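In terms of full-length UniProt numbering, the sequence shown opens at residue 1 and continues consecutively.
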Amino acid sequence: MASERDQLAGLAQQVMDVSLWMARHYNQRFAADLGLTDTLARSLLQLDPDRPVPTRALASMLGCDPSNVTPFVDRLEKAGLVERQVDPQDRRVKTLVVTTEGRAMLERMNDIRGTDSPPLQALTPSERETLEKLLDKARTAAKAYEAEQCARIQGKAI
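Here it is, written out as structure tokens:
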């Protein structure tokens, strides 16, 4: 029987392998079918089409400095996929709102992801349901860990 360390290392590698394959696959499809670069696609997919998202929040989701998202947002805005707005509660905060065109693009992206997903299509509906629950639990743990790390960096305890 594998040690916990070896099991976790093996699982981490499997998740990374599938994630990287899917990222490459969808980046190629989004570029070929929709004309989106991987960065623009990833940026658009991080936004909530139902509410404004602060530019700083997008930077955090992408794991980069807020100044680095400006070129991505410029291109999304030029393509008509997002609109910059000032937050009415805090005029210093710039938010991103997904436009009607952006919503249509997200639908097209979901059509691709929902019909061309070989690794997930290899699973039975029951297996996909189980995987969805497990990934949701892992994502929740990852977000909690990230929040804890941010709080430590800022000198606060959670």
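C-beta atoms are modelled at their ideal positions from N, C-alpha and C, and glycine is treated no differently. All of these numbers come straight from a predicted model, not from anything done at the bench.
Can you check DSSP and say which residues form a bridge with V82?
As a position in the sequence shown, residue 82 is number 82, starting the count at 1. Answer is V98.
Counting only the same chain and skipping the five closest in sequence on each side, list residues whose C-beta sits under 8 Å from that of S117.
In the sequence shown, residue 117 corresponds to position 117, counting from 1. Result list for S117: M22, in chain order.
Locate the alpha helix (DSSP H) running through R29, then write down its first and last residues.
If you number the sequence shown from 1, residue 29 lands on position 29. R29 -> alpha helix (DSSP H) spans 4-29.
Tell whether a beta-carbon distance below 9 Å holds between Q85 and M61.
Here residue 85 is taken as the residue at index 85 of the sequence shown, counted from 1. Here residue 61 is taken as the residue at index 61 of the sequence shown, counted from 1. Cβ atoms of Q85 and M61: not closer than 9 Å.
Excluding the 5 residues preceding and the 5 following residue 159 in the sequence, name in chain order all residues of the same chain whose CB lies nearer than 8 Å to its CB.
Outside the displayed range of the chain (1 to 158) lies residue 159, so it cannot be described from this structure.
Thinking C-beta only, is V53 closer than 9 Å to L96?
Taking the first residue of the sequence shown as position 1, residue 96 is located at position 96. Taking the first residue of the sequence shown as position 1, residue 53 is located at position 53. Result yes, Cβ atoms of L96 and V53 sit closer than 9 Å.
Given this structure, state the Cα-to-Cα distance separating C64 from A147, to the nearest angstrom.
In the sequence shown, the residue the question calls residue 64 occupies position 64. In the sequence shown, the residue the question calls residue 147 occupies position 147. Between C64 and A147, the C-alpha separation is close to 16 Å.
Which parts of the segment 49-75 are runs of the alpha helix (DSSP H), unbroken and 4 residues or longer, counting only runs that do not cross its ends?
Those alpha helix (DSSP H) runs which fall completely within the segment 49-75 and span 4+ residues are 55-62.
Among the candidates I112, R92, L44, N68, whose CA atom is the shortest distance from the CA of E83?
Your numbering for residue 83 matches position 83 in the sequence shown. Among I112, R92, L44, N68, the Cα nearest to that of E83 belongs to L44.
Could you compute how far the alpha carbon of A41 sits from the alpha carbon of D33?
Reading the sequence shown from its first residue, position 41 is the one you call residue 41. Reading the sequence shown from its first residue, position 33 is the one you call residue 33. For A41 and D33, the distance between alpha carbons rounds to 12 Å.
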